[in-house]
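>
In this note's numbering, the protein residues as written are 987 to 1223.
1. Does the Cβ-Cβ distance between residue 1081 and residue 1063 come in under 8 Å?
2. Cα separation between residue 1145 and residue 1156?
3. Could you check if residue 1198 is buried or exposed, using at least 16 other CB atoms within 10 Å of its CB as the buried criterion?
4. What does residue 1078 pair with, by DSSP beta-bridge criteria?
5. Given residue 1085, which residues of its chain have a CB within under 6 Å of its CB, disregarding the five upstream and five downstream residues?
6. Could you pull the start and end residues of the beta strand (DSSP E) that residue 1032 belongs to?
7. Going along the chain, which residues of its own chain have a beta-carbon closer than 6 Å to the beta-carbon of residue 1174, five neighbours each way excluded?
8. Count the other C-beta atoms from every protein chain shown that fall within 10 angstroms of the C-beta of residue 1095, then say buried if there are 16 or more, exposed otherwise.
9. Check whether the Cβ atoms of residue 1133 and residue 1151 sit closer than 8 Å, and answer yes or no.
10. Helix, strand or coil for residue 1063 per DSSP?
11. Quick one: grab the DSSP three-state call for residue 1214.
12. Taking the straight line between their C-alpha atoms, what separation do you get for residue 1128 and residue 1148?
13. Count Cβ pairs between the segment 1067-1075 and the segment 1030-1048 that sit closer than 8 Å; are there 3 or more?
14. Should residue 1075 and residue 1058 be called a contact, given that it needs their Cβ atoms to be closer than 8 Å?
15. Per DSSP, which one or two residues make a beta bridge with residue 1195?
16. What residue range does the beta strand (DSSP E) around residue 1116 cover?
17. Using only alpha-carbon positions, find the residue among 1192, 1073 and 1077 that is nearest to residue 1032.
18. Put residue 1107 into one of helix, strand or coil per three-state DSSP.
19. With distances taken from CA atoms, which of 1049, 1102, 1172 and 1087 is nearest residue 1118?
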């Protein structure tokens, strides 16, 4: 057995070293692709770690889970909406969750990508949209229902909550619902004037980032003019 260990241990070490090196190369390749995408789009790429992200955007629960939290690989730019630049940031986020105690302690690392937009409307109502789940259907049976819309298909596929139902109804007009049914989004929220779209526990590839940015531009272009005018009017008061 000791002789066998002399063979197994070095092999295991080499395998882990190769996996770590492969992971390093993949991360390096992705950073280079992100930098190239940013340059082509006129954005700025910053691969450095920002450990203050959880306090800056603490209104979003996805940034407050676990410990050892930080954002990195940040792409800073803007979306052009009706001739106005809306600041936008796309990036990766990581945090760790430790469970157990003593020798049974186990730490799991989670990573996901996100897209944030600073919306130019102070006092914008809260909004949360995500795919409807089985648990949502059960909760609705005891009176805690989400907002229902004219489209039964839309109401069945999306769970929508808002601090202002009128805002939700104005925003989710028939054309917007058709768009979202044809191009289902990742879960997103609006809190304190900031829009946040979160990837599902994985980091987006460059093509996916391009898709998410373009999706947001198309989603924002669906906002009805009367709603935008009303929001601008409120902001000017």
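Glycine residues also receive a C-beta, built at the ideal position from the N, C-alpha and C atoms. Given the structure is predicted, the values throughout are model-derived calculations rather than measurements.
Taking the definition as stated:
1. Counting from one through the chain shown, the residue named residue 1081 turns up at place 95. Counting from one through the chain shown, the residue named residue 1063 turns up at place 77. Taking 8 Å as the Cβ cut-off, residue 1081 and residue 1063 do not qualify as a contacting pair.
2. The count along the chain shown starts at 1 and reaches residue 1145 at position 159. The count along the chain shown starts at 1 and reaches residue 1156 at position 170. The straight-line gap from Cα to Cα measures roughly 16 Å.
3. Translated into positions along the chain shown, residue 1198 becomes position 212. Within a 10 Å sphere around the beta-carbon of residue 1198 sit 16 or more other beta-carbons, which makes this residue buried.
4. Walking along the chain shown from the start, residue 1078 turns up at place 92. Beta-bridge pairing links residue 1078 to 1058 and 1099.
5. Against the chain shown, residue 1085 aligns to sequence position 99. Counting only Cβ-Cβ distances below 6 Å, and skipping sequence neighbours, we find 1092.
6. As a working mapping, residue 1032 is identified with position 46 in the chain shown. It spans 1030-1032 - the beta strand (DSSP E) in which residue 1032 sits, taken as one unbroken run.
7. Looking up residue 1174 in the chain shown gives position 188. These residues qualify, in order along the chain: 1115 and 1183.
8. If you number the chain shown from 1, residue 1095 lands on position 109. It counts as exposed.
9. Locating residue 1133 in the chain shown gives position 147, counting from the first residue. Locating residue 1151 in the chain shown gives position 165, counting from the first residue. For residue 1133 and residue 1151, yes; Cβs fall inside 8 Å.
10. For the purposes of this step, residue 1063 is taken as the residue at position 77 of the chain shown. In the structure shown, residue 1063 sits in a strand (DSSP, three-state: E or B).
11. Translated into positions along the chain shown, residue 1214 becomes position 228. In the structure shown, residue 1214 sits in a helix (DSSP, three-state: H, G or I).
12. Counting from one through the chain shown, the residue named residue 1128 turns up at place 142. Counting from one through the chain shown, the residue named residue 1148 turns up at place 162. For residue 1128, the predicted model reports a pLDDT of 44, less than 50, meaning its position is unreliable and no value from the coordinates is stated.
13. The segment 1067-1075 makes no contact with the segment 1030-1048, as fewer than three CB pairs between them are under 8 Å.
14. Numbered from 1 along the chain shown, position 89 holds the residue referred to as residue 1075. Numbered from 1 along the chain shown, position 72 holds the residue referred to as residue 1058. One thing to note: residue 1075 has its Cβ no nearer than 8 Å to the Cβ of residue 1058.
15. Position 209 of the chain shown, counting from 1, holds the residue named residue 1195. Looking at the DSSP assignment, residue 1195 forms no beta bridge with any residue, so it has no partner.
16. Stepping through the chain shown from its first residue, residue 1116 is reached at position 130. Boundaries of the beta strand (DSSP E) harbouring residue 1116: 1113-1117, taken from the DSSP string.
17. For the purposes of this step, residue 1032 is taken as residue 46 along the chain shown, with counting starting at 1. Looking from the CA of residue 1032, the closest CA among 1192, 1073 and 1077 belongs to 1077.
18. Along the chain shown, read from residue 1 onward, the residue named residue 1107 stands at position 121. In the structure shown, residue 1107 sits in coil (DSSP, three-state: anything other than H, G, I, E or B).
19. Working through the chain shown from its first residue, we reach residue 1118 at position 132. Nearest to residue 1118 by C-alpha distance, out of 1049, 1102, 1172 and 1087, is 1172.
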